[in-house]
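Notes to accompany the following structure.
Protein chains in written order, with the working numbering: chain A, 1 to 312; chain B, 313 to 686.
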């Protein structure tokens with residue numbers, strides 16, 4: 001697949017602080033590419049450099065095979081941007097806001113009218129077209145923000161944390177909408193620090209921290225980077241150190257600990273781990289509450305690589 | 313593209329109630345208060361000479377000449393009764409005079425009660441003291457400036473000097489309305505601030521969204537400023553029309569020329585706002601700064617204190633040539649008293665020059681296409 005975005009050795013410094021430190025990424029056509037990292041990791045700075053809003057110190061950025069510059073209107077016209085902060089005019093109605101931004105990309109009035117109508121339906125704002133932004137709930141406002149960014153049917157859509165402070169219903173609506181846009185042919189760059197969202201919609205993921213690329217790949221590839229493959233949690237009454245030693249001696253066990261009445265055992269590979277653990281605990285007459293098994297998440301990947309959680 | 317952005321910027325500006333209030337509502341309300349307070353004070357049909365007793369202890373020939381000159385003729389200000397202290401007190405007690413002026417080393421006033429007539433007498437004496445001190449000082453320090461100072465005084469609320477021309481409005485209070493329109497024009501700076509904040513990626517999310525669109529920055533910024541300028545000019549013109557046709561304020565200036573002054577003033581206000589917004593980069597900083605600067609200009613041109621412009625002319629004459637509010641109100645005054653002349657043209661040219669300087673400086677600051685930080 002041809003690449004839509006290529007970032008090579010990007011460096012952005014703010015005086016003493018290096019916000020982006022030699023970042024290289026390639027985003028291919030048709031992808032939903034997740035840019036994952038904690039707050040302050042350099043996600044928004046990277047996006048701002050990509051959009052040619054921010055000057056950067058080193059590196060190269062090409063979009064649709066062309067160097068990205070502030071005057072490259074041909075490239076800009078194919079990009080849709082949904083900013084982290086809601087960017088709409090409070091004085092205009094929902095319809096007027098979408099039309100205003102769409103009109104900056106689409107000159108033909110008839111086509112623009114159709115695009116605006118489609119964006120309204122896409123964002124579920126049909127009942128609110130005459131509302132002003134201040135009359136909208138937080139979730140509807142975010143949807144308006146998205147509609148303003150995608151009404152012109154861009155080929156590359158960049159969403160910078162579009163679900164911050166959004167209710168679950170609107171979040172689902174937004175995520176489903178992004179998947180729909182991708183199905184219709186748009187390449188998506190999605191930045192967030194919510195790992196569940198990335199797991200749900202992204203085909204490839206890059207994890208960055210302190211402006212550096214820590215890991216990239218599909219979800220499965222990222223999870224394969226870490227040793228542990230399964231975590232079993234069992235609600236138990238307290239028991240002695242000898243039994244804990246027996247648990248640690250079970251096949252494929254990486255680590256085990258007792259925490260707030262819960263036994264947490266992590267594994268590296270192997271099959272039937274749950275059966276073996278429950279069997280041992282029954283043999284030792286340990287009363288069990290709930291017992292469940294979890295596969296590793298991206299948070300485990302991040303924790304494993306950086307030593308801290310994504311939500312820091 | 314420019315027209316598309318302009319259309320929506322006009323819509324946004326029209327719905328911005330705060331800006332409309334400051335550009336139209338505020339001058340209209342303040343103008344109405346001015347009109348109620350002293351709009352008819354000098355109208356011929358209502359005015360009667362104010363009877364005043366003059367008690368001379370130490371003769372001041374200059375003062376007496378001034379008093380006589382403003383009391384001459386049927387439309388004179390005072391009816392002077394020269395008398396001694398005892399008789400003057402009796403006249404005051406009987407209500408036959410509104411006040412007693414004691415002409416001694418210091419000129420003083422005694423009144424029986426407060427009211428419009430005693431206030432006019434006191435105002436006259438205060439003006440005389442201030443202006444005679446100014447003239448004396450200028451004669452001592454800078455005799456060449458005396459003609460300009462004299463002219464400034466004439467433009468203030470100053471009944472000491474008879475107007476040379478009769479087809480303009482002789483009412484000195486009209487100067488307050490000139491200053492009011494000057495202030496209204498300069499409040500167009502709020503639009504300039506808004507225009508720049510809405511167009512810059514480092515000042516607002518809206519600006520960032522506009523900067524990522526395939527629109528030239530020049531077109532985007534120009535459309536914003538053009539919309540704000542158009543609204544400012546329209547509101548200021550509407551305020552002037554309200555004062556002229558609803559309240560009946562006699563500006564003494566042809567309407568076309570008033571529109572020209574308002575156009576130059578509105579653009580100047582817009583340019584100052586553009587520059588301040590470009591420098592400050594935040595609404596929380598820009599608005600208080602721009603309002604403060606504008607109010608300072610208006611204060612120095614005499615909106616709050618009648619003869620401030622003459623005082624400034626005495627101490628820092630260059631400031632009157634750079635103060636947009638003073639230039640605007642002086643343009644009205646010059647047209648009212650002399651008709652179009654070199655001073656009026658000079659005022660408009662300086663105002664336009666200042667506009668271009670602020671616009672250019674603003675453009676230099678906002679012209680960058682990428683930002684060091686957002």
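We put the CB at the ideal spot given by N, CA and C, even for glycine.
Tell me, please, which residues DSSP counts as bridged to residue i.
i: residue 160/A; result: 191/A
i: residue 365/B; result: 393/B, 412/B
i: residue 262/A; result: 235/A, 259/A
i: residue 485/B; result: In the DSSP output, where bridge partners are listed per residue, residue 485/B has none listed.
i: residue 62/A; result: 6/A, 67/A
i: residue 420/B; result: 414/B
i: residue 33/A; result: 189/A, 204/A
i: residue 278/A; result: Answer is none; residue 278/A lacks a bridge partner.
i: residue 297/A; result: In the DSSP output, where bridge partners are listed per residue, residue 297/A has none listed.
i: residue 18/A; result: 13/A
i: residue 28/A; result: 3/A
Is the Cβ-Cβ distance between residue i and residue j less than 8 Å?
i: residue 321/B; j: residue 535/B; result: yes
i: residue 261/A; j: residue 236/A; result: yes
i: residue 87/A; j: residue 123/A; result: no
i: residue 666/B; j: residue 53/A; result: no
i: residue 635/B; j: residue 658/B; result: no
i: residue 496/B; j: residue 551/B; result: yes
i: residue 201/A; j: residue 178/A; result: yes
i: residue 35/A; j: residue 46/A; result: yes
i: residue 115/A; j: residue 173/A; result: no
i: residue 593/B; j: residue 664/B; result: no
i: residue 10/A; j: residue 61/A; result: yes
i: residue 269/A; j: residue 252/A; result: yes
i: residue 326/B; j: residue 543/B; result: yes
i: residue 264/A; j: residue 257/A; result: yes
i: residue 693/B; j: residue 408/B; result: In the structure displayed, chain B extends from 313 to 686; residue 693/B sits before or after that span and is not available.
i: residue 605/B; j: residue 505/B; result: no
i: residue 563/B; j: residue 644/B; result: yes
i: residue 626/B; j: residue 446/B; result: yes
Please report how far the alpha carbon of residue i lies from the alpha carbon of residue j, in whole angstroms.
i: residue 540/B; j: residue 367/B; result: 59 Å
i: residue 370/B; j: residue 443/B; result: 20 Å
i: residue 84/A; j: residue 637/B; result: 42 Å
i: residue 248/A; j: residue 280/A; result: 11 Å
i: residue 244/A; j: residue 205/A; result: 37 Å
i: residue 581/B; j: residue 136/A; result: 35 Å
i: residue 203/A; j: residue 197/A; result: 11 Å
i: residue 75/A; j: residue 589/B; result: 30 Å
i: residue 158/A; j: residue 4/A; result: 12 Å
i: residue 424/B; j: residue 386/B; result: 26 Å
i: residue 673/B; j: residue 377/B; result: 52 Å
i: residue 232/A; j: residue 267/A; result: 8 Å
i: residue 529/B; j: residue 675/B; result: 11 Å
i: residue 597/B; j: residue 585/B; result: 12 Å
i: residue 96/A; j: residue 559/B; result: 38 Å
i: residue 474/B; j: residue 363/B; result: Reliability fails at residue 474/B, whose pLDDT of 39 lies under 50, so the model's placement of it is uncertain and the value that follows must be treated cautiously. Near 20 Å, if we compare the C-alpha coordinates of residue 363/B and residue 474/B.
i: residue 669/B; j: residue 503/B; result: 18 Å
i: residue 600/B; j: residue 71/A; result: 34 Å
i: residue 472/B; j: residue 382/B; result: Low local confidence applies: a pLDDT of 37 at residue 472/B is under 50, so the model's placement there is unreliable, and no value is given.
i: residue 435/B; j: residue 587/B; result: 40 Å
i: residue 193/A; j: residue 631/B; result: 56 Å
i: residue 138/A; j: residue 130/A; result: 17 Å
i: residue 440/B; j: residue 410/B; result: 18 Å
i: residue 276/A; j: residue 250/A; result: 8 Å
i: residue 641/B; j: residue 44/A; result: 50 Å
i: residue 216/A; j: residue 199/A; result: 13 Å
(request) Write down every uninterrupted run of the alpha helix (DSSP H) in the region 199-254 of chain A whose length is 4 residues or greater and which is fully enclosed by it, in chain order. (result) The qualifying runs are 219-224, 241-248.
(request) Could you name the residues of the region 642-672 of chain B whose beta carbon sits closer than 9 Å to any beta carbon of chain A, in the order they occur along the chain? (result) Within the region 642-672 of chain B, no residue qualifies.
(request) Tell me the start and end of each unbroken beta strand (DSSP E) in the region 494-543 of chain B that is at least 3 residues and wholly inside, in chain order. (result) None, since the region 494-543 of chain B contains no complete beta strand (DSSP E) of that length.
(request) Write down every uninterrupted run of the alpha helix (DSSP H) in the region 92-143 of chain A whose length is 4 residues or greater and which is fully enclosed by it, in chain order. (result) Listed in chain order, the complete alpha helix (DSSP H) runs (minimum 4 residues) inside the region 92-143 of chain A are 94-103, 109-123.
(request) May I ask you to list, following chain order, the residues of the region 43-70 of chain A that have a beta carbon less than 7 Å from some beta carbon of chain B? (result) Answer in chain order: 48, 51, 52, 53, 54, 55, 70.
(message) Please identify, using Cβ separations under 9 Å, the residues of the region 513-528 of chain B that lie next to chain A, in order along the chain.
(response) Those residues of the region 513-528 of chain B that come within reach of chain A (Cβ to Cβ, closer than 9 Å) are 513, 514, 516, 517, 518, 519, 520, 521, 522, 523, 524, 525, 526, 527, 528.
(message) So if I threshold CB-CB distances at 7 Å, which residues from the region 175-191 of chain A count as touching chain B?
(response) Of all residues in the region 175-191 of chain A, none has a C-beta nearer than 7 Å to a C-beta of chain B.
(request) For the region 324-340 of chain B, enumerate the residues whose C-beta is nearer than 7 Å to any C-beta of chain A, in chain order. (result) Per Cβ criterion, the list reads 324, 327, 328.
(message) Counting only Cβ-Cβ distances shorter than 9 Å, please list the residues of the region 7-23 of chain A near chain B, keeping chain order.
(response) So the list reads 14, given in the order they occur along the chain.
(request) Taking only beta carbons into account, state which residues of the region 543-556 of chain B come closer than 8 Å to chain A, listed in chain order. (result) Listed by position along the chain: nothing, the set is empty.
(message) What ranges does the alpha helix (DSSP H) occupy inside the region 550-634 of chain B, keeping only unbroken runs of at least 4 residues that lie completely in it?
(response) At a cut-off of 4 residues, the continuous stretches assigned as alpha helix (DSSP H) that sit fully inside the region 550-634 of chain B are 567-592, 595-613, 620-627, 629-634.
(request) Below 8 Å between beta carbons is the criterion; list the residues of the region 615-632 of chain B that meet it against any residue of chain A, in chain order. (result) Look at the region 615-632 of chain B: it has no residue with a C-beta under 8 Å from a C-beta of chain A.
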